[in-house]
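Step one of this worksheet: look at the structure below.
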Amino acid sequence: EDKVVQSPLSLVVHEGDTVTLNCSYEVTNFRSLLWYKQEKKAPTFLFMLTSSGIEKKSGRLSSILDKKELFSILNITATQTGDSAVYLCAVVDSGAGSYQLTFGKGTKLSVIP
Amino acid sequence: NAGVMQNPRHLVRRRGQEARLRCSPMKGHSHVYWYRQLPEEGLKFMVYLQKENIIDESGMPKERFSAEFPKEGPSILRIQQVVRGDSAAYFCASSWDMQETQYFGPGTRLLVL
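The structure is reproduced here in structure tokens:
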């Protein structure tokens, strides 16, 4: 059974800090890894990663995948209070019947002024 | 530029009643995924549908749950004879093709009394 473990489960930082969120996974036939941001509503898509070592970047957020060690990290630099959310990591198993996402439990990030 | 729409946003049912959750995908999307998020748990895949077809229902409980995506109108997730354990947030996601980049709706919070 595919498995995704995120750490830490929760994190409190001050505005301006840099944070690193971790996601490790076990999947039978890895296809891709995705990051989502979930506030009090819909999870919003951040990144999709398929290849090792290639950093994806969007503003202050960046992510990288290590397919050998089976993990990904999400970095947020110069955090702002608007970054407070639950960050979800998910993997896709190409051997499954569909491109269903297998999610971790998320990391709850709280950014305090 | 409407995103994925779900209604109702909140639904209260008594044990034994039926719950009907609706999902309208993004414009141009014909693929729908349903996920369930139990308290303190990650999102779990339930079912994947294309117009008029159920493609993968491997995550769907065998009894009381059904889903459809008719040619016209929204996708419906139906739960018959609800029990307290069905209380959860139910999220719908859509994509324009069978792909892992899925766009989520705001969810329906179901509370069973």
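Top to bottom, those sequences are chains A and B.
Start counting at 1 in the first sequence, then tack on 1442, and there's your number in my numbering.
Start counting at 1 in the second sequence, then tack on 35, and there's your number in my numbering.
Backbone N, C-alpha and C define an ideal beta-carbon position, used for all residues, glycine too.
Just so you know, these numbers come straight off a predicted model, no measurement behind them.
DSSP places residue 1473 of chain A in the strand class (E or B) of the three-state scheme.
Residue 1469 of chain A has a beta carbon lying at 8 Å or more from every beta carbon in chain B.
Contact check for residue 53 of chain B against residue 113 of chain B passes: the beta carbons are separated by less than 8 Å. The residue from B:102, B:132 and B:116 with its alpha-carbon nearest to that of residue 49 of chain B is B:116.
Contact annotation: the stretch 39 to 49 of chain B does not touch the stretch 1522 to 1542 of chain A, with fewer than three C-beta pairs closer than 8 Å. About 18 Å separates the beta carbons of residue 1532 of chain A and residue 141 of chain B, which is beyond the 8 Å limit, so they are not a contact pair. At least one C-beta of chain A is nearer than 8 Å to the C-beta of residue 93 of chain B.
Residue environment analysis places residue 71 of chain B among the buried positions, since at least 16 neighbouring C-beta atoms fall within 10 angstroms of its C-beta.
The three-state secondary structure of residue 143 of chain B, taken from DSSP, is strand. Across the structure, residue 1506 of chain A and residue 1450 of chain A are spaced so that their CA atoms are roughly 17 Å apart.
Within its own chain, the residues whose Cβ lies closer than 6 Å to the Cβ of residue 87 of chain B, once the five positions on either side in sequence are excluded, are 106, listed in chain order.
Secondary structure note for residue 1533 of chain A: its beta strand (DSSP E) is the uninterrupted segment 1527 to 1535.
Short of 6 Å from the beta carbon of residue 1452 of chain A, and not among the five residues preceding or following it, lie these beta carbons of its own chain, in chain order: 1550.
Using a Cβ distance threshold of 8 Å, residue 129 of chain B and residue 45 of chain B do not count as a contacting pair. Considering only beta carbons, the part of the stretch 1473 to 1491 of chain A lying closer than 8 Å to chain B consists of 1473, 1474, 1476, 1478, 1483, 1484, 1485, 1486, 1487 and 1490, in chain order. Of all residues in the stretch 1533 to 1548 of chain A, those with a C-beta nearer than 8 Å to a C-beta of chain B are 1534, 1538, 1539, 1540, 1541, 1542, 1543, 1544, 1545, 1546, 1547 and 1548, reading in chain order.
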